[in-house]
Structures are given as structure tokens and as C-alpha cells.
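Asker: Okay, handing you the structure first.
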Amino acid sequence: MMGFPKGGVKDAFPCKPYRKALWLMLARTLALSTALGVALLPAVAQPAPAASVQRIAAPGPQGGGESGEEGGARGGGGRSAVTAAELLARVDGCTRISQGLYRTDLRTAATVPVCDAGGAVFWRADLDVNCDGQATPRCNTGADPYFLEQTAFRQSDGRPLNAETLPFVVVPAPSGLWRYPDWGIRGGSVVAVVHGGTVRYGVVGDTGPAGIIGEASHAMAAALGIDPDPRSGGVGSGVTYILFKGSRVAPIEDHAAAVTQGDALARAFLQG
């Protein structure tokens, strides 16, 4: 473990963004080491005990317009026939299944619940840009000083995922707050992400710190029209993540399959 001066991280890294990024890097490294073991085991969906489900009020839908045009990322997010307004109307309340609330960043208050919606779980948060995985022109140690050349879930050839080209979402590592495998979510599960009237589909591709939520790949950010720069990009609020229970794209890197499944699952979700 690296050593710090008497004042700790604050003195070693006086710039707040760098202190935050350092703590995130340490937390993500711990989460990744745990998730690499979790990823080898199949996730089984089990109903939550009654005590773990709590009905709470939730903010109204954000960005309720029509689904936008194809995103600018290579391997883009995929256009949806299901609109943002329809999906947001379907998740306009929250039956809370997390045992507590998540932070969106290290220094923010814990305000974000994970909610159940029948065939899916969802949350509303920010979007921090994840550039981990394969080193590429836009995702590397030069572009992101806290770059990790691993993802919790891997391609069919054994390599980490490519955050520059594959739209994926990061889920919090399992903890006492919430365990995603217990709700039918695993690596490769299909995800619909809604922002500013745009719907994009992807997969669950990585895990992050156990107490922080709201993160997606460079490609997902770009597909949603969000600045994908891992240093300065992302957006502070207004992103809804909908994860479909029991779904899986195989191989995980088949984005076309994620879009096809995503649209079908979203249609069924609206009917449910």
C-alpha cells in the first residue's frame, strides 16, 4: 500500500478531483477483485424477503421526450422504438429493494435507492464515465490516469470489455446495501438507459464501489449524447438505469443482440 504524509490523502493530493479519483480507484480495485470471483458463478434470481421491499416516493420522470437519434459512439447505443417517455412513466415510483441508499460520488449524500419494477430493477442517478478494460485510443492511462485494464465481466475470448466501443453499465459490487445477483442481474444482463429523451440499450459490464451508483462506459455516454471524456465528462443527474431481470446477452460483446433483446424486453416491460 502506498504511504501518505501526516495529513493523509488530503495533503498528498490537495486537488479535490484527484483525491476523489484516488479513492474511487482504490474502491474500484477492491470491488473488481471481488467481482472477478462473482462473475465466475451463475447469478440466480430469487425473490427478496418481504422486509427488504419498501414503497417510497420517487422524483417524477426526467427527460420525457421521444427516443433520440443514433448515438455518436462507435458501436453506438442503438435506436429504440420504445420512447423515453414510455419507460419513464413505467418507473415513476419506487418500491425500494436496497437495504439503504447509495451515493453518486464519494462526497455526496446517500440519496439513491434501487427499486423493483416487476420485470426489471432500476435507479435514477448521475453518469460517471467508465473507461476501464481494453486499452484503446480513447481509453488508456494517458486519457484516464486511473485507468484499470480489467473489467469484472469479460468477452467470449477472455479479454476485458472495450469501454470505447461497447455500451455497458456498471453496477455496485454486492454488499449489505444490495446484491444484484439476488435479483436476476449478472454480467451480460440487458440494460435500458434513459437520458434527455433518449433511450439506449447495453449490458451490465462491470462492477464498481459497493456504496456508489451511477456509472456507464465511454460508449454508452457517447451514445446518450453525454461527454464521454473520462476526466471531465459525464453528467451530474437525470439518468435512469433499467436492468431487465433474468436477461443475458451471449457473447456479452454482441451489442446488436443487446439492442434486439433490449427493445423486445422494453416492450414486454411496458405491457407488464
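Using mature numbering (1 follows the signal peptide of the UniProt record, and there is no 0), the letters of the sequence shown map in sequence onto residues -50 to -1, 1 to 222. We put the beta carbon where it would ideally sit given N, CA and C, even for glycine. Fair warning: this is a prediction, and the values are worked out from it, not measured in the lab.
1) Below 8 Å, can you find three or more Cβ-Cβ pairs linking the stretch 47 to 59 to the stretch 203 to 217?
2) Is A172 buried or exposed, if buried means 16 or more other CB atoms sit within 10 Å of its CB?
3) According to DSSP, what are the bridge partners of H145?
4) Please state whether DSSP places P82 in a helix, a strand or coil.
5) Count Cβ pairs between the stretch 73 to 81 and the stretch 186 to 194 that sit closer than 8 Å; are there 3 or more?
6) Less than 8 Å between the beta carbons of A166 and G69, yes or no?
7) If A169 sits next to E99, beta carbons under 8 Å apart, how far is it from one beta carbon to the other, in whole angstroms?
8) Mapping DSSP to helix, strand and coil, what is V209?
9) Give a yes or no on whether the C-beta atoms belonging to D179 and V62 are separated by under 8 Å.
10) Do V153 and A208 come within 8 Å of each other at the CB atom, strictly closer than that value?
11) Between the C-alpha atoms of P118 and G155, what's the straight-line distance to the nearest angstrom?
12) Under the DSSP definition of a beta bridge, which residues are partnered with S167?
13) Would you mind working out which of W133, G92, A59 sits nearest I162, comparing C-alpha positions?
14) For the putative contact between V140 and L38, defined by C-beta atoms under 8 Å, what is the C-beta separation to the nearest angstrom?
15) With 8 Å as the threshold, decide whether the Cβ of N90 is near any Cβ in chain B.
16) Using alpha carbons as the reference points, say which of N112, V64, Q221 lies closest to I192.
17) Where does the unbroken beta strand (DSSP E) through R46 begin, and where does it stop?
18) Could you check how far apart the C-beta atoms of A67 and V41 are, in whole angstroms? I think they sit under 8 Å.
Answerer: Let's see:
1) Result no; under three Cβ-Cβ pairs closer than 8 Å.
2) In this structure A172 is buried. Its beta-carbon is surrounded by 16 or more other beta-carbon atoms within 10 angstroms.
3) H145 pairs with T148, V189.
4) Note that residue 82 is Asp in the sequence shown here, rather than Pro. DSSP places D82 in coil when its eight states are reduced to three.
5) The stretch 73 to 81 makes contact with the stretch 186 to 194; the number of CB pairs closer than 8 Å reaches 3 or more.
6) Going by C-beta atoms, A166 is not nearer than 8 Å to G69.
7) Rounded, the Cβ-Cβ distance is 17 Å, inconsistent with contact.
8) DSSP places V209 in the helix class (H, G or I) of the three-state scheme.
9) For the 8 Å CB-CB criterion, D179 and V62 do not form a contact.
10) Contact flag set, yes.
11) Pro is not the amino acid found at residue 118; the sequence shown has Phe there. The C-alpha of G155 is placed about 5 Å away from the C-alpha of F118.
12) Paired residue(s): N80.
13) Nearest option by C-alpha distance: A59.
14) 18 Å between Cβ atoms; not a contact.
15) In the displayed structure, chain B is absent; only one protein chain is listed.
16) Comparing Cα-Cα distances from I192 to each of N112, V64, Q221, the minimum goes to V64.
17) If you look at R46, you'll find it in the beta strand (DSSP E) that goes 44 to 46.
18) Rounded to the nearest angstrom, the Cβ distance from A67 to V41 is 5 Å, consistent with a contact under 8 Å.
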